[in-house]
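Chemist:
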Amino acid sequence: MRFVSLFLRSRRLPLAAVIAIGAVALTWVAWPHFSDGQTVNTRMISVVVLIAAVALGTTLSGADDSLDHSASARWPVRRAVHLLLTAVAVVALLLVTTVTEARFEPLDVVIRNTAGLLGLTALGATLFGAALSWIAPLTWTLIAIMPWMGPSEQLRMQVGAWLIQPAGTTAATVCATVLAVAGLVAYTVRGCPLRPAAETLPDH
Amino acid sequence: MRAVSAAETAPPTYAWAVHAERLVVRAGRHLAVNGLDLALGTGVHGLLGPNGAGKTTLMRALATVLKPAGGRLTLLGEEVTGRADLRRVRQRLGYLPQHFGFYPRFTVREFVEYMAWLKEMPKAAVPGAVQRAVDRVGLTSRADSKLKTLSGGMLRRAGIAQAIVNDPEVLLLDEPTVGLDPEQRLDFRELLREIGSDSCVLVSTHLVEDVAAACTDVVLVNEGQLVWQGTSGELAAQGSAGDAGDSATERGYSALLRAYRGKVPA
Amino acid sequence: MKTEVRRSAVPGIAMLLLVVGAVFTLTSTEFFAGRWTQLALYSRGSLLLLIPLALAGGAWLGRRDRRSRVGELFATTVRPRWQRTLPLTVGYAAIMVVVYLLATAVGAIWVAPTAAYLSPTVLGITAVGALGMVAASWLGMAAGRAVPRIVTAPVLAVVGFAVVALLPDFVSMSGYDANFVKARPDPSALLLTPAFPGGFDDLQTLPTSVSALQAVWLAALAGTALLLIGAARRSVLAVAVLPAVIGAAVAVPLLPTGGYYGAAVVDPTAAELVCDDDGPPVCVRKVHAALLPDIVGPVREVLALAAAKLPNPPVRAEETARLDAYAAPDQPAVRHDADTLVFDWPGFTSSGKPDLGDGYFRTELLASVWSQECQNGGSATGQVAFAADYAPFQPEAVATAWLTGGPPQPQDWWRPQDQQKIEAAHQALTALPTDEQRQLVGQARAAALDCDYDRFEALLMAGDR
Chain A
22 MRFVSLFLRS
32 RRLPLAAVIA
42 IGAVALTWVA
52 WPHFSDGQTV
62 NTRMISVVVL
72 IAAVALGTTL
82 SGADDSLDHS
92 ASARWPVRRA
102 VHLLLTAVAV
112 VALLLVTTVT
122 EARFEPLDVV
132 IRNTAGLLGL
142 TALGATLFGA
152 ALSWIAPLTW
162 TLIAIMPWMG
172 PSEQLRMQVG
182 AWLIQPAGTT
192 AATVCATVLA
202 VAGLVAYTVR
212 GCPLRPAAET
222 LPDH
Chain B
5 MRAVSAAETA
15 PPTYAWAVHA
25 ERLVVRAGRH
35 LAVNGLDLAL
45 GTGVHGLLGP
55 NGAGKTTLMR
65 ALATVLKPAG
75 GRLTLLGEEV
85 TGRADLRRVR
95 QRLGYLPQHF
105 GFYPRFTVRE
115 FVEYMAWLKE
125 MPKAAVPGAV
135 QRAVDRVGLT
145 SRADSKLKTL
155 SGGMLRRAGI
165 AQAIVNDPEV
175 LLLDEPTVGL
185 DPEQRLDFRE
195 LLREIGSDSC
205 VLVSTHLVED
215 VAAACTDVVL
225 VNEGQLVWQG
235 TSGELAAQGS
245 AGDAGDSATE
255 RGYSALLRAY
265 RGKVPA
Chain C
35 MKTEVRRSAV
45 PGIAMLLLVV
55 GAVFTLTSTE
65 FFAGRWTQLA
75 LYSRGSLLLL
85 IPLALAGGAW
95 LGRRDRRSRV
105 GELFATTVRP
115 RWQRTLPLTV
125 GYAAIMVVVY
135 LLATAVGAIW
145 VAPTAAYLSP
155 TVLGITAVGA
165 LGMVAASWLG
175 MAAGRAVPRI
185 VTAPVLAVVG
195 FAVVALLPDF
205 VSMSGYDANF
215 VKARPDPSAL
225 LLTPAFPGGF
235 DDLQTLPTSV
245 SALQAVWLAA
255 LAGTALLLIG
265 AARRSVLAVA
275 VLPAVIGAAV
285 AVPLLPTGGY
295 YGAAVVDPTA
305 AELVCDDDGP
315 PVCVRKVHAA
325 LLPDIVGPVR
335 EVLALAAAKL
345 PNPPVRAEET
355 ARLDAYAAPD
365 QPAVRHDADT
375 LVFDWPGFTS
385 SGKPDLGDGY
395 FRTELLASVW
405 SQECQNGGSA
415 TGQVAFAADY
425 APFQPEAVAT
435 AWLTGGPPQP
445 QDWWRPQDQQ
455 KIEAAHQALT
465 ALPTDEQRQL
475 VGQARAAALD
485 CDYDRFEALL
495 MAGDR
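Residue numbers (the working numbering), protein chains in the order written: chain A, 22 to 225; chain B, 5 to 270; chain C, 35 to 499.
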């Protein structure tokens, strides 16, 4: 238990968790003022999941991955567990709201968006490092929530704006699954790039 | 002296703790280590060489952080090139990089504990090993200070502590004495000699006096290849009055480099 | 400065934004083809994406700058901190402006060959976009210096998007009461965001006065951000906020209310007529001059049909000057005479040509023979009127069928009984002697152009009895 807590602190999880929870809480509190409906609309769900994914994406690497990798711990297993638990935690957090007045539902959309965005974040972390892993999910989400994007019959729209398609849209689900699996596999096998540090610096 | 287990008192099944044959390691696109042959046994070995000679890349490859691009590397009798399970080797390895990132809110104790945990030391042994490592580097009074409050020299000593916490059989130290005052350097040399009596220690440094005083063996590399290997006494003997340097060791170093550069066309 | 910028993360950030901006422009050429004003406005729309990314890039650079211990070395020199960071600060903002202009320039390929005029308002519109990028760059850098965490960049980008795009939307929406009537006009502060929400009619533009005020505000905001970047002590922070406060205090009272829609004005040059006179004159508004060569044919074909069969036929065709109802809910109706055929422009395709596919334009032209602007826009209940009032569809189908000489073309929304009625009325009409047909339809058209739709229906559906 002690070492799990050291691990999470070395990954700066407290700040990331605060931001993720804060984003959900802020939306949950503000939603009744936006609208009379109980269900938070898909655009807001996507934005909140995005914030959670990029904040938690910064935990995908530690202060010095090279030093960590000179140690014998079995990293692929740890990375896979880390990513999967993160996804479960985000979904669970949003699930809690379904008993309240401002609900992040349906569950299918929440799971799809979380898995897809976290997978994309992990993919970005594997390719560019955890500090830049937010670029791809941020850009795609901003494009998907533009005012003129919406649920549509066209395949192009369904994939491009997969985040805001209604539950059960096959193309969107497939897109999210591909991103989730690709991210999980890439991150588990490769992890973040190991670059030598240029200076001995505190890593916030 | 470190505590030894029954398995370790048996004679070792390998000839060299670190054995590299025609090792090739890439740093980016550049071949930083290019056909290096190296054999290191128990003792303290100094690694000398000009900037850009590939010392840091070599250390990273020996620490199994970088995968070699060619040649053969055998650590503690196990081959680490190719598809190998590196866990057993890494458990007996200690590494201090030249520069490292650290989480500023960790205390020294937590930092060393975290690395001990990563090296899969038995959980019951960790607190004792951490305390011992912290004592050996002389940070006992600052063991519970946060890393961000430490000076450069203290930070480096904390780094040394995490490298020695698991009593490694191969200890790799890249510039361990940067920021240490002369008294601390003397203490450090004493620590090196102690560890080097039953482990293989490789120290990469620019400070030639540290090499002369603490190292039983000196390895000189340039442009990714081995230039010379011998004792520090033999190194001093290589130099003559005409070579650059203020000490015999420095003169020997300059002489060897000059000879190497004369042999190898620019 | 050049080496410092080149070795930093700026080229990577610039590449990302350039790709995103260029793709944004290239995937929607139909919205601005042949029209400079629309290109400038559309690029302001791309700020919805570019500003969050510029903020994130700035935060990234600010963090990098702060982490470098090299700063400690330089602290011993005499130069103050702000002078050391100046090259990167200026360089990043300059490159962001260049990226914005390049992403816009990519679209110019569809505009430069065919556009008929360049409104001077375009300069103001583009300048405001550039200033928006500068402000975003520097605000990002200030945030990155203040909070040098990895999470700063992405969170700032999302917050920036929320402020620039979602907040104005929310404020605007909250102005509607339960019956979807606009209870209060949008506050002028909505114009403080440089991102253009879209929804202008092609004849509209943003006046230079509005652009100037926005420029003042954004320049002040950029000044505040610059001071925040260079601020070494806490006491400077209070002073640093001052320019932005003054800028807002100056701009907000002078900006028009109603957000971007309230600020829009009709561009007189855009509304000028451009005509093709080799035959019956066919005129379009200057903003759509790129359409003229390709629509002359279809329009003249319909004019010829009308000339052959109608008494008092239209002898010239003109594009409507009426704005889309959502852009100008309160415009008055302007009646045209029987000698003019007033039509609505076909959209552009993504290659910059008029959208003549599906025969939709021809159908619309034929319907325009019988259409007239009857209602002033927008009634008391806030209902939106249509661009022109089309005649009731049953007699109109009969009349069009008579004009083209073919049977009535069924449309998707016709019910079976509609189809029967129309066909019966058409048969009855064509059973009459030719002169009587002509006279009847002529009178019907006159009634329609007089907005007397009851008479129009009565005349044409008489055979129904």
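We treat Cβ as the ideally placed atom computed from N, Cα and C, and that holds for glycine.
1) Assign PHE204 of chain C to buried or exposed, taking buried as 16 or more other Cβ atoms, counted over all protein chains shown, within 10 Å of its Cβ.
2) Measure the CB-CB distance between LEU184 of chain A and ALA157 of chain A and report whether it falls below 8 Å.
3) In whole angstroms, give me the CA-to-CA distance for GLY181 of chain A and PRO86 of chain C.
4) Whose CA, out of B:ARG140, B:GLU114 and B:GLN229, lies closest to the CA of VAL130 of chain B?
5) What's the call for PRO187 of chain A, buried or exposed, on a 16-neighbour Cβ count within 10 Å?
6) Quick one: measure Cβ to Cβ for SER82 of chain A and LYS123 of chain B, integer angstroms, because I've assumed they're closer than 8 Å.
7) State the Cα-Cα distance for the pair GLN477 of chain C and PRO363 of chain C, rounded to the nearest angstrom.
8) How many Å lie between VAL212 of chain B and THR162 of chain A at the Cα?
9) Using a beta-carbon distance below 8 Å, is LYS152 of chain B in contact with chain A?
10) For THR68 of chain B, go through chain A and note every residue whose CB falls closer than 9 Å to its CB, in chain order.
11) Can you look up VAL418 of chain C in the DSSP assignment and give me helix, strand or coil?
12) Just to make sure I have the definition right: I need the residues of chain A whose C-beta is within less than 9 Å of the C-beta of GLU34 of chain B. Which are they?
13) Looking at the unbroken beta strand (DSSP E) that takes in LEU27 of chain B, where does it start and where does it end?
14) Can you have a look at ALA67 of chain B and say buried or exposed, based on whether 16 or more other CB atoms are within 10 angstroms of its CB?
15) For GLY105 of chain C, which three-state DSSP category applies?
16) For chain C, find out if any of its Cβ atoms is closer than 8 Å to the Cβ of PHE55 of chain A; answer yes or no.
17) Could you give the first and the last residue of the continuous beta strand (DSSP E) run that contains HIS34 of chain B?
18) Taking any Cβ of chain A, which residues in the segment 86–111 of chain B have a Cβ under 9 Å from it, in chain order?
19) What three-state label does DSSP hand LYS320 of chain C in the structure shown?
20) What in chain A is Cβ-close to ALA90 of chain C, meaning under 9 Å?
21) CB LEU70 of chain B to CB ARG64 of chain B, shorter than 8 Å?
22) Got a sec? Which residues, its chain only, sit under 8 Å from LEU2 of chain B by beta carbon, not counting five neighbours each side?
23) Would you mind working out which of B:VAL222, B:LEU51, B:LEU224 and B:ASP214 sits nearest ASP185 of chain B, comparing C-alpha positions?
24) Please confirm if ALA37 of chain A has its CB atom under 8 Å from at least one CB of chain C.
25) Can you check which of these residues, C:ALA305, C:GLN117, C:ALA199 and C:ALA285, is closest to GLN238 of chain C by C-alpha distance?
26) Pull out every residue of the segment 195–227 of chain C whose Cβ sits closer than 9 Å to any Cβ of chain A, in chain order.
27) Would you call PRO380 of chain C buried or exposed, if buried means 16 or more other Cβ atoms sit within 10 Å of its Cβ?
28) For THR181 of chain B, tell me which candidate among B:GLU173, B:PRO172 and B:LEU196 has the shortest Cα-Cα distance.
29) Is there a C-beta anywhere in chain B that falls below 8 Å from the one on PRO214 of chain A?
30) Write down the C-beta distance between LEU44 of chain B and VAL225 of chain B rounded to the nearest angstrom, noting that I regard them as a contact closer than 8 Å.
31) Kindly list, in the order they appear in chain A, the residues whose Cβ is closer than 8 Å to that of ILE184 of chain C.
32) Determine contact between the segment 199–207 of chain B and the segment 150–166 of chain B, defined as no fewer than three beta-carbon pairs at a distance below 8 Å.
33) Using beta carbons (cut-off 8 Å, strictly below), is VAL120 of chain A in contact with chain C?
34) May I ask you to verify whether the segment 366–379 of chain C touches the segment 44–52 of chain C, counting CB pairs closer than 8 Å and requiring at least 3?
35) Can you tell me whether PRO223 of chain A is helix, strand or coil according to DSSP?
36) If you count every other CB in all the chains shown that lies within 10 Å of the CB of ALA419 of chain C, and 16 or more means buried, which is it?
Modeler: Per the coordinate set shown:
1) Looking up residue 204 of chain C in the third sequence gives position 170. Answer is exposed; the Cβ neighbour count stays below 16.
2) For the purposes of this step, residue 184 of chain A is taken as residue 163 along the first sequence, with counting starting at 1. For the purposes of this step, residue 157 of chain A is taken as residue 136 along the first sequence, with counting starting at 1. No; because the gap between Cβ atoms is not below 8 Å, this pair is not in contact.
3) The residue given as residue 181 of chain A occupies position 160 in the first sequence. The residue given as residue 86 of chain C occupies position 52 in the third sequence. Approximately 19 Å between the Cα atoms of the pair.
4) The residue you call residue 130 of chain B lines up with position 126 of the second sequence. Measuring from the Cα of VAL130 of chain B, the nearest candidate turns out to be B:GLU114.
5) Within the first sequence, residue 187 of chain A is the residue found at index 166, counting from 1. So PRO187 of chain A counts as exposed.
6) Along the first sequence, read from residue 1 onward, the residue named residue 82 of chain A stands at position 61. Along the second sequence, read from residue 1 onward, the residue named residue 123 of chain B stands at position 119. Not really, about 19 Å apart at Cβ, beyond 8 Å.
7) If you number the third sequence from 1, residue 477 of chain C lands on position 443. If you number the third sequence from 1, residue 363 of chain C lands on position 329. Rounded to the nearest angstrom, the two C-alpha atoms are 32 Å apart.
8) Numbered from 1 along the second sequence, position 208 holds the residue referred to as residue 212 of chain B. Numbered from 1 along the first sequence, position 141 holds the residue referred to as residue 162 of chain A. If I take the Cα positions, the gap works out to 56 Å.
9) Walking along the second sequence from the start, residue 152 of chain B turns up at place 148. For LYS152 of chain B, the answer is yes, since a Cβ of chain A falls inside 8 Å of its Cβ.
10) The residue given as residue 68 of chain B occupies position 64 in the second sequence. Chain A residues near THR68 of chain B: HIS90 and SER91.
11) As a position in the third sequence, residue 418 of chain C is number 384, starting the count at 1. In this predicted model, VAL418 of chain C has a pLDDT of only 36, less than 50, meaning its place in the structure is not dependable enough to derive any value.
12) Counting from 1 along the second sequence, the entry for residue 34 of chain B is found at position 30. Checking the displayed sequence, the identity of residue 34 of chain B turns out to be His instead of Glu. Those do not exist, as HIS34 of chain B stays about 13 Å from chain A at its closest Cβ, beyond 9 Å.
13) As a working mapping, residue 27 of chain B is identified with position 23 in the second sequence. Per DSSP, LEU27 of chain B is one residue of the beta strand (DSSP E) stretching across 22–31.
14) The residue labelled residue 67 of chain B in the question sits at position 63 within the second sequence. Buried, by the Cβ-count rule.
15) The sequence position of residue 105 of chain C within the third sequence is 71, counting from 1. At GLY105 of chain C the pLDDT is 48, less than 50, meaning the model places this residue with poor confidence and gives no usable figure here.
16) Locating residue 55 of chain A in the first sequence gives position 34, counting from the first residue. Judged by the 8 Å Cβ criterion, PHE55 of chain A is in contact with chain C.
17) As a first step, residue 34 of chain B must be located in the second sequence, where it is residue number 30. Run containing HIS34 of chain B: 34–44, per the beta strand (DSSP E) assignment.
18) LEU90, ARG91, ARG92, VAL93, ARG94, GLN95, ARG96, LEU97, GLY98, TYR99, LEU100, PRO101, GLN102, HIS103, PHE104, GLY105, PHE106, TYR107, PRO108, ARG109 and PHE110
19) Here residue 320 of chain C refers to the residue found at position 286 of the third sequence. LYS320 of chain C falls in the helix class under three-state DSSP.
20) By one-based count along the third sequence, residue 90 of chain C stands at place 56. Correct list: TRP155, ILE156 and LEU159.
21) Start at 1 with the first residue of the second sequence, and residue 70 of chain B comes out as number 66. Start at 1 with the first residue of the second sequence, and residue 64 of chain B comes out as number 60. The answer is yes: Cβ separation under 8 Å.
22) Outside the displayed span of chain B (5 to 270) sits residue 2 of chain B, for which this structure offers no information.
23) As a position in the second sequence, residue 185 of chain B is number 181, starting the count at 1. Closest by alpha carbon: B:ASP214.
24) Numbered from 1 along the first sequence, position 16 holds the residue referred to as residue 37 of chain A. ALA37 of chain A counts as touching chain C.
25) Sequence index remark: in the third sequence, residue 238 of chain C carries index 204 (1-based). It is C:ALA305.
26) PHE195, ALA196, ALA199, LEU200, ASP203, PHE204, MET207 and SER208
27) Taking the third sequence and counting its residues from 1, one reaches residue 380 of chain C at position 346. Of the residues assessed, PRO380 of chain C falls on the buried side of the cut-off, its CB having 16 or more other CB atoms within 10 angstroms.
28) Here residue 181 of chain B corresponds to residue number 177 of the second sequence, with the count starting at 1. Checked all of B:GLU173, B:PRO172 and B:LEU196; the closest Cα to THR181 of chain B is B:LEU196.
29) As a first step, residue 214 of chain A is located in the first sequence; it is residue number 193 there, counting from the start. For PRO214 of chain A, the answer is no, since every Cβ of chain B falls outside 8 Å of its Cβ.
30) Indexing the second sequence from 1 puts residue 44 of chain B at position 40. Indexing the second sequence from 1 puts residue 225 of chain B at position 221. Wrong, their Cβ atoms sit about 13 Å apart, outside the cutoff.
31) Against the third sequence, residue 184 of chain C aligns to sequence position 150. Correct list: ARG33, THR79, ALA151, ALA152 and HIS225.
32) No, they do not touch.
33) The sequence position of residue 120 of chain A within the first sequence is 99, counting from 1. No, VAL120 of chain A does not count as interfacial toward chain C.
34) no
35) Stepping through the first sequence from its first residue, residue 223 of chain A is reached at position 202. Reduced to three states, the DSSP call for PRO223 of chain A is strand.
36) Translated into the one-based positions of the third sequence, residue 419 of chain C becomes position 385. Per-residue confidence for ALA419 of chain C stands at a pLDDT of 37, beneath the threshold of 50, marking its modelled position as unreliable; the derived number appears in the next sentence. Its Cβ being crowded by 16 or more others within 10 Å, ALA419 of chain C is buried.
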